[in-house]
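What follows is a set of notes on a single structure, which appears directly below.
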Amino acid sequence: MAMVSLAWLLPAIAAATPFPSDLQPISVVRLEDSHRCPSFQGLVFNNGTERLGLDYQRMIRIQHMLYIAARDHVFVVNLTTAVDKIIPQQILTWRSTDVSKCAVRGRNSDECYNYIKVLVPRNDETLFACGTNALNPACRNYRLRTLEQVGQELLGQARCPFESRQSNVGVFAGGHFYSATVTDFQASDAVIYRSLGGEGRPVLRTVKYDSKWLREPHFLHAVEYGNYVYFFFSEIAVEHTGAGKVVYSRVARVCKNDSGGSSRVLDRHWTSFLKARLNCSVPGDTFFYFDVLQSLTSVLQINQRPAVVGVFTTQTNSIPGSAVCGFYLDDIERVFNGKFKEQKNSDSVWTPVPEEHVPEPRPGSCAGEGSASSYSSSVQFPDSVLSFIKTHPLMDESVSAINSQPLITSTASRYKLTQIVVDTAAGPHKNRSVVFLGSEDGRVLKILTGTQANSSRLLEDISVFSPTQCSGERGVLGLELDKEHHALFVAFSSCIIRVPLSRCAQHGTYNFFPPVCLFEFFWI
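Letter by letter, the sequence shown follows residues -16 to -1, 1 to 508 in mature numbering (1 follows the signal peptide of the UniProt record, and there is no 0).
Quick look at the structure:
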């Protein structure tokens, strides 16, 4: 796994620390200055005068190619030639043949298409794709270079959602496909699922209809690291005992060598599933929480430690606010090795489980490791261990953010942040880190992270969404960094726009540089 570094040095927290103020931009790039950026809106028809619409779902970069998953199509863009225009080099068309059945079900006719929701490399030669297929999810394998279909079509249930707006994540690890989505038409059964691994490991899933495991989750990211696969999501907090429903952000973990439980307990279910709350908050006499995870990076290095960085927002019924928090993976593991949380009955409060009540080997352990080193398979775990983990998947402690506070907060704007990508080798010496953040109102914020207290700078506030190039919703749905060609691809529902990483190269000498370019030259 490629690792990159991010400098992240913040002051120690004091009780009297004031609430952080929003960063003010050094430069504001208005729409008239950015509307000339190359864009892509999908296929055209009627002699090029009308567009079919993109309905963007996700995008991934594999080497020098950008794969854009949309409605009925996957567009492949060569990044080396997409400098002035974004023109697909290849187009994969996969339309549903179940449109008539979809219409009979009485759902919104907009769902009677094939929205490509899963697009992940299976290996160096194969691309794995799944689509909603007009409310009948299906999956296929394609050759990465030619986009030719390989083998037969597979059922997409538990690998792909039924509708375009339902959340899902997926990743291949050790030859198996780990997915998180819903398994039924009513979206009542949320699942974290493992499949497609041949005979080596059985198909496994989370316990069905058990709110202690999953409660109306919105899945955001999945990543393989070490012996585990981690899932990041938000869900209704089962441990919240106040009035109304409250959303918490979570990280869950499963062992890659999990073989399920015995025929008596957790048969064909995870024996290693654990989850914990991610705490992104501003400390003080009263903590101010950013509880709803919106976007997350893959694993990168912060202060020579593996970590992830995410965008979090306030509850939907709260004042609008956003924050960027980072989490060390070893802090996540420390919480997973800590105390469990339990509710003894429906009327009692949630409390930590006393250590003397936790069976051995420790529930949630991987077979062959740690306290479970004497077990070659999770199938051999005692029923007491399996029964405990079935009823106690939630950890008592939450995972604290790096330095116990956000790197960046935004509370003065009524528009929340939605997406994040990090350039961890910015500047001529490749030793600085720049965070790009997408927003609900079609903007991208470019932030230089500080290496000293209060030294982060908002370099640019860029208006990207252009009504002449795009239509519909303005929220940024995806960001993909193309460092080699100095560009950032910004995805909206109806279009993709290519934004330069820096505008300073277009100016002549440093005497005529705008302030942001002088700042970038001397600081980056």
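In this text, a Cβ means the ideal position worked out from N, Cα and C, and glycines have one as well.
Nearest-angstrom Cα separation, counted from residue j out to residue i
| i | j | result |
| --- | --- | --- |
| Phe24 | Asn117 | 24 Å |
| Ser93 | Thr297 | 32 Å |
| Lys400 | His341 | 43 Å |
| Ile481 | Thr281 | 20 Å |
| Leu131 | Met49 | 13 Å |
| Leu391 | Gly310 | 8 Å |
| Leu204 | Gln285 | 20 Å |
| Glu353 | Gln453 | 54 Å |
| Gly348 | Asn301 | 35 Å |
| Thr33 | Leu27 | Reliability fails at Thr33, whose pLDDT of 44 lies under 50, so the model's placement of it is uncertain and the value that follows must be treated cautiously. Approximately 11 Å, taken between the alpha carbons. |
| Val405 | Leu443 | 15 Å |
| Val60 | Gln136 | 22 Å |
| Glu147 | Val295 | 25 Å |
| Phe320 | Tyr359 | 20 Å |
| Ser362 | Pro345 | 11 Å |
| Ser439 | Leu432 | 9 Å |
| Lys325 | Asp315 | 18 Å |
| Pro72 | Pro105 | 19 Å |
| Glu200 | Ser388 | 27 Å |
| Lys414 | Gly154 | 31 Å |
| Asp173 | Trp254 | 16 Å |
| Asn287 | Ala410 | 16 Å |
| residue 513 | His160 | Nothing can be reported for residue 513: it is not among the residues displayed for the chain, which extend from -16 to 508. |
| Ser417 | Arg441 | 11 Å |
| Phe216 | Gln403 | 14 Å |
| Thr165 | Asn120 | 14 Å |
| Gln133 | Tyr273 | 47 Å |
| Val249 | Glu317 | 25 Å |
| Ser306 | Val266 | 11 Å |
Coarse secondary structure for residue i, derived from DSSP in three states
| i | result |
| --- | --- |
| Ile303 | coil |
| Ala157 | strand |
| Gln364 | helix |
| Lys400 | coil |
| Pro4 | coil |
| Ile10 | coil |
| Ser357 | coil |
| Lys69 | coil |
| Cys488 | helix |
| His341 | helix |
| His205 | strand |
| Asn387 | helix |
| Glu464 | strand |
| Cys501 | helix |
| Asp194 | coil |
| Ile173 | Before going further, note that residue 173 is Asp rather than Ile in the sequence given. Here Asp173 sits in coil by DSSP. |
| Thr165 | strand |
| Arg346 | coil |
| Cys309 | strand |
| Arg199 | coil |
| Ser382 | coil |
Whole-number beta carbon distance between residue j and residue i, since they are thought to touch under 8 Å
| i | j | result |
| --- | --- | --- |
| Pro338 | Leu313 | Contact flag wrong, Cβ pair sits at about 28 Å. |
| Glu219 | Leu378 | The Cβ separation is near 11 Å, so there is no contact. |
| Val83 | Cys96 | 5 Å |
| Tyr177 | Ser195 | With a Cβ gap of about 18 Å, Tyr177 and Ser195 do not count as contacting. |
| Ser243 | Arg185 | 6 Å |
| Met43 | Ala475 | 6 Å |
| Val231 | Gln299 | 6 Å |
Residue range of the alpha helix (DSSP H) that includes residue i
| i | result |
| --- | --- |
| Val369 | Asp367 to Thr375 |
| Glu317 | Leu313 to Phe320 |
| residue 510 | Residue numbering for the chain in the displayed model covers -16 to 508; residue 510 lies beyond these limits and cannot be assessed. |
| Leu15 | Leu15 to Ser18 |
Where the beta strand (DSSP E) through residue i begins and ends
| i | result |
| --- | --- |
| Leu277 | Val276 to Leu280 |
| Ser417 | Arg416 to Ser423 |
| Asn62 | His57 to Asn62 |
| Gln444 | A small correction: the amino acid at residue 444 is Glu; Gln does not occupy that position in the sequence shown. Glu444 -> beta strand (DSSP E) spans Arg441 to Ser447. |
| residue 513 | Residue 513 cannot be examined here, being either before or after the span of the chain that is shown, -16 to 508. |
| Phe473 | Ala471 to Ala475 |
| Met43 | Arg42 to Ile46 |
| Arg427 | Arg427 to Leu432 |
| Ser330 | Here Ser330 belongs to no beta strand (DSSP E), and DSSP marks it neither H nor E. |
| Met49 | Met49 to Ala53 |
| Ser394 | Ile392 to Ser394 |
is_contact[residue i, chain C] using C-beta, thresh 8 Å
| i | result |
| --- | --- |
| Ser349 | Protein chains in the displayed structure number just one, and chain C is not present. |
Residue i: CB within 7 Å of a non-hydrogen atom of the ligand COA
| i | result |
| --- | --- |
| Pro267 | This structure lacks the ligand COA, and indeed carries no ligand of any kind. |
*Of all the beta strand (DSSP E) runs that stay within the bounds of the stretch 71 to 146, which reach a length of 3 or more residues?*
The qualifying runs are 74 to 77, 100 to 105, 110 to 115, 122 to 127 and 133 to 139.
*Residue ranges of each beta strand (DSSP E) run of no fewer than 3 residues wholly in the stretch 214 to 287, ordered along the chain?*
Counting whole runs of 3 or more residues, the stretch 214 to 287 contains the beta strand (DSSP E) stretches 231 to 239, 258 to 263, 276 to 280 and 284 to 286.
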